[in-house]
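Here the structure is laid out as structure tokens; the discussion comes afterwards.
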Amino acid sequence: MTSHTGTCLCGQVRFEYEPPSLWCAHCHCSLCQRAHGAALVTWVGVAQQRFRLAADSGLRWYRSSPDSERGFCGFCGSTLFFRSERWPGEIHIARSNIDGDIDMNPSAHVHCESQSAWFNFADALPRSEK
Ligand SMILES: [Zn+2]
Ligand SMILES: [Zn+2]
-8 MTSHTGTCLC
2 GQVRFEYEPP
12 SLWCAHCHCS
22 LCQRAHGAAL
32 VTWVGVAQQR
42 FRLAADSGLR
52 WYRSSPDSER
62 GFCGFCGSTL
72 FFRSERWPGE
82 IHIARSNIDG
92 DIDMNPSAHV
102 HCESQSAWFN
112 FADALPRSEK
């Protein structure tokens, strides 16, 4: 399969990775909600060694919790990446910033304990509180 590609809104950060994706899930945790200004964030887990930045002039990282960092574009503010000591060797990529179809669809909802009461999702995927 060919590489999956993606970008921030303004194009200053571009990236690609070689499939397979490791997993794809909808995260309802409160940190993702605040960071992205969204009811939930759909993430794709990718092995770090399969991931490559094609343009990184805008990429900035900040520590969003004691063991985790989030990457965003310093020009347009797009929230793009997550990495954590809890998932060594992985980078998590915001699904919406990956172009088109990928090799995997979301398979679960996680951190449903903090799901937005004002957002209704009615699919049949498994739900968990972690
Ligand atoms: Zn940008
Ligand atoms: Zn989250």
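For the sequence shown, the numbering used here gives the first residue as -8, with consecutive numbering after it. Even for Gly, the Cβ is constructed at its ideal location relative to N, Cα and C. Owing to the predicted nature of the structure, the values given are computational and were not obtained by experimental measurement.
Opening and closing residue of the beta strand (DSSP E) in which residue i lies
i, result
"Cys64", "59 to 64"
"Asp47", "42 to 47"
Proximal residues to residue i (C-beta, below 8 angstroms), its chain only, five neighbours per side dropped
i, result
"Val37", "Tyr8, Ser12, Leu13, Glu81, Ile82, His83, Ile84"
"Ile89", "His(-5), Thr(-4), Gly(-3), Val35"
"Arg77", "Asp58, Ser59"
Separation of residue j from residue i, as counted between CA atoms
i, j, result
"Pro117", "Val101", "8 angstroms"
"Arg51", "Pro97", "27 angstroms"
"Lys121", "Gly(-3)", "27 angstroms"
"Val54", "Ala46", "Before going further, note that residue 54 is Arg rather than Val in the sequence given. So the two alpha carbons sit approximately 22 angstroms from each other."
"His27", "Thr70", "6 angstroms"
"Ser56", "Arg74", "11 angstroms"
Other residues of its chain near residue i: CB distance less than 6 angstroms, five sequence neighbours each side excluded
i, result
"Val35", "Ser12, Cys15, Ile84, Arg86"
"Gly49", "Gln3, Val4, Cys64, Gly65, Phe66"
"Ser107", "Ala30"
Opening and closing residue of the alpha helix (DSSP H) in which residue i lies
i, result
"Ala26", "21 to 27"
Cβ-based neighbour list, residue i, same chain, cut-off 7 angstroms, excluding 5 preceding and 5 following
i, result
"Val32", "Cys18, Cys23, Ala85"
Residues sharing a beta bridge with residue i, DSSP
i, result
"Cys18", "Val32, Val101"
"Gly68", "Its beta-bridge partners do not exist; DSSP assigns none."
"Ala85", "Trp34"
Checklist line | Any residue whose CB is nearer than 7 angstroms to a heavy atom belonging to ligand 1, listed in chain order | finding: Cys(-1), Leu0, Cys1, Gly2, Gln3, Val4, Gly49, Cys64, Phe66, Cys67, Ser69
Item checked: Those residues, in chain order, that have a beta-carbon closer than 5 angstroms to some heavy atom of ligand 2 -> Cys18, Cys20, Cys23
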